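Quick notes on the structure that follows.
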Amino acid sequence: MRFVNTMALLLVAGSTFAQDPDEPVENYDHWNSLAQTLGLACLAVGLLIALGYYIKLSTTKGSKEKYDFINKHEISSLWIAVIVLIGAGCFFANSTITHLTPVLIGVRIFVTAAMGLIVSVIVQNLLKFYYPFYIEKRLKLLRYMPRISPKTGKPMKLLSEEEEDAYLDEGMQAEENVFSVDYDVWKDEETGYIQIEKYAGHLHALQCPECNYQTFKVVKEEIVKQPTATEEGEITKHYLCGYCGYKAKKTVILKQQTKLEQSTATA
Ligand SMILES: [Zn+2]
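Position one of the sequence shown corresponds to residue 1 (our numbering), numbered consecutively onward.
Here's what the structure looks like:
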């Protein structure tokens with residue numbers, strides 16, 4: 001608020017300077033048209049970045065491919081587009097100049113930079129903390145949308161955690177156990193066709209138990225105790241909330257080494 005007051009004061013100061021009758025009259029048409037051109041160019045580039053993202057997304061085939069694409073690119077693409085659009089706004093705001101003094105130039109630069117900064121901080125917060133809820137809803141739909149079997153053209157069945165183990169190799173099972181990785185196994189019950197999809201937990205934020213934002217991620221995984229032939233091991237997963245900073249630890253038991261070796265031998 002204090003910031004806004006300061007800017008209002010500066011604007012008032014600016015307009016008093018503008019009324020000074022001793023200043024020579026100058027023409028700023030050249031600058032104004034340049035600023036308008038640059039503004040339009042930024043506007044076009046910003047819209048193209050956003051549009052390009054949505055075109056790429058809509059032409060991406062497959063729910064899992066769409067899921068990965070959104071997870072990886074949506075927020076960063078929109079953020080870049082917004083930055084360029086804010087740049088456009090800054091040029092437009094300075095494209096109707098009729099009077100300038102060295103002081104006014106300073107005031108304009110300061111006010112433009114401050115306004116641009118405020119808007120970008122607001123948008124950045126929206127993208128970081130509110131937008132993920134919207135993304136999460138769409139990702140959930142994509143992840144659990146029935147996959148179509150390429151063999152029969154019919155929807156396949158998503159296997160449960162217990163059922164899927166039969167189709168995951170030892171490496172995959174160990175990964176599911178140890179790291180924040182989830183494998184989804186889809187089965188075409190008619191032909192036995194299997195489709196396996198991998199979801200990485202460290203790329204994917206959960207809902208924070210403290211602030212309820214979708215900003216809770218695995219930041220570190222450490223093996224506390226290596227599993228031996230006779231004893232189970234232990235792994236600790238560290239979670240951190242990107243919004244409120246809430247931290248949590250979760251300890252997961254690792255299977256005994258012999259079990260893994262035995263099944264590897266039979267596999
Ligand atoms: Zn939180």
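We put the beta carbon where it would ideally sit given N, CA and C, even for glycine. This structure is a prediction, so every number in the text was calculated from the model and none was measured.
Which residues does DSSP list as the beta-bridge partners of residue i?
| i | result |
| --- | --- |
| Ala-248 | Tyr-239 |
| Glu-222 | Thr-236 |
| Pro-155 | Ile-148 |
| Lys-217 | Leu-240 |
| Leu-206 | Phe-216 |
So what does DSSP say about residue i, is it helix, strand or coil?
| i | result |
| --- | --- |
| Ile-196 | strand |
| Leu-254 | strand |
| Tyr-183 | strand |
| Lys-66 | helix |
| Lys-61 | coil |
| Glu-163 | helix |
| Ala-113 | helix |
| Thr-16 | Confidence at Thr-16 is low in this model, with a pLDDT of 44, below 50, so the placement of that residue is unreliable and no value is reported for it. |
| Thr-37 | helix |
| Tyr-28 | coil |
| Ala-229 | coil |
| Leu-168 | coil |
| Ile-118 | helix |
| Asn-177 | helix |
| Cys-90 | helix |
| Leu-139 | helix |
| Ile-49 | helix |
| Ser-76 | helix |
| Ile-83 | helix |
| Leu-43 | helix |
| Leu-104 | helix |
| Ile-55 | helix |
Looking at ligand 1, does it come within less than 7 Å of residue i, judged from the CB to the closest heavy atom?
| i | result |
| --- | --- |
| Phe-216 | yes |
| Tyr-239 | no |
| Tyr-131 | no |
| Tyr-167 | no |
| Glu-210 | yes |
| Tyr-54 | no |
| Cys-244 | yes |
| Val-183 | One detail in the question is off: residue 183 reads as Tyr in this sequence, not Val. Not under cutoff, so the answer is no. |
| Tyr-213 | yes |
Give the single residue among the options whose Cα lies nearest to the Cα of residue i.
| i | options | result |
| --- | --- | --- |
| Val-111 | Tyr-131, Ala-50, Thr-251 and Gly-89 | Gly-89 |
| Asn-27 | Lys-237, Thr-101, Pro-209 and Lys-217 | Thr-101 |
| Leu-240 | Leu-40, Gln-214 and Val-107 | Gln-214 |
| Val-181 | Thr-96, Leu-127, Glu-221 and Pro-146 | Glu-221 |
| Gly-116 | Val-84, His-30, Arg-138 and Val-103 | Val-84 |
| Val-218 | Gln-226, Leu-40 and His-238 | His-238 |
| Leu-38 | Tyr-54, Ala-93 and Lys-255 | Ala-93 |
| Val-121 | Val-252, Lys-255 and Trp-79 | Trp-79 |
| Lys-56 | Phe-69, Gly-46, His-204 and Ala-166 | Phe-69 |
| Thr-96 | Leu-43, Ile-148, Thr-152 and Trp-31 | Trp-31 |
| Val-123 | Ala-166, Ile-75 and Ser-160 | Ile-75 |
| Asn-177 | Ala-35, Met-156, Thr-251 and His-99 | Thr-251 |
| Ala-304 | Ser-160, Glu-170, Gly-52 and Leu-254 | Past the edges of the chain, shown from 1 to 267, lies residue 304, and the structure says nothing about it. |
| Tyr-243 | Pro-132, Leu-104, Gly-106 and Val-45 | Pro-132 |
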